[in-house]
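So the structure is just underneath, and the comments pick up after that.
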Amino acid sequence: MRYKNYVWPHNPRVYSISFKRKVGSREVPFGHYALQDLGPSYRIMRGEGEFVGEGAYDEFKKLATVFYNEGPGILVHPVWQTANAYFVELSLSQEPRADYVKYTFTFWEEFGGHSTGTRVTTASGGTTGGTAQTGSTGEQWYTVVRGDTMWGIARRYGVSLTDLIALNPQIKNPNLIYPGQKVRVA
Numbered sequence: 023m024r025y026k027n028y029v030w031p032h033n034p035r036v037y038s039i040s041f042k043r044k045v046g047s048r049e050v051p052f053g054h055y056a057l058q059d060l061g062p063s064y065r066i067m068r069g070e071g072e073f074v075g076e077g078a079y080d081e082f083k084k085l086a087t088v089f090y091n092e093g094p095g096i097l098v099h100p101v102w103q104t105a106n107a108y109f110v111e112l113s114l115s116q117e118p119r120a121d122y123v124k125y126t127f128t129f130w131e132e133f134g135g136h137s138t139g140t141r142v143t144t145a146s147g148g149t150t151g152g153t154a155q156t157g158s159t160g161e162q163w164y165t166v167v168r169g170d171t172m173w174g175i176a177r178r179y180g181v182s183l184t185d186l187i188a189l190n191p192q193i194k195n196p197n198l199i200y201p202g203q204k205v206r207v208a
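When you line the sequence shown up against my numbering, it's residues 23 to 208, in that order.
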């Protein structure tokens, strides 16, 4: 499992994921009510793990340092879909020892389902709604605009975030892209 620049030495022992949906309720005449689906909310990813052996508490301190970094990051898990997520909780489950630390964690998925000011320029020069260009080798490139995220670009082009990151080794920090930057999407 990986989050931002931290890679777990081994995957957490227990993990779970829950999905939430927002629903609004409104009273109507004669004691009835109407429900309105307001769409999916965020996914909550929880788990527990342990660090064992020499340096176990030092490993927990590295994880805690990542927890204190602000903003969302890419969460890569062997079972869950790769997500842009916030690290919202990290707790010790027992008194830590130098050679054994049991902990729990929680991530909330950050939803970046839109970006503003997007436009697509096709190879023929036409505009169709987000800036993508096809090169002579068949590669397709997207020009980043303000408000874009790698997660949002991956969703827009129907590729996994992991594949998009692999296509763009020139982007050293997937959490930090700039308007005008070129991102390969195919």
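Glycine residues also receive a C-beta, built at the ideal position from the N, C-alpha and C atoms.
Taking the CA atoms as reference points, Ala105 sits about 8 Å from Glu132. DSSP, read as helix, strand or coil, puts Ile199 in coil. Comparing alpha carbon positions, the residue from Arg168, Trp173, Arg35, Gly169 closest to Pro100 is Arg35.
Distance from the CA of Gln103 to the CA of Gly75, rounded to the nearest whole angstrom, comes to 30 Å.
For the options Val110, His54, Tyr179, the alpha carbon positioned closest to that of Arg65 is the one of Val110. Under the 10 Å beta carbon count, Pro196 is surrounded by 16 or more other beta carbons and is classified as buried.
Membership of Phe41 in the beta strand (DSSP E) is indicated by the continuous run 36-50.
Taking each of Gln162, Ala86, Val45, Ala120 in turn and checking the Cα distance to Tyr55, the smallest one comes out for Val45. For Arg177, the uninterrupted alpha helix (DSSP H) run begins and ends at 172-179, by DSSP.
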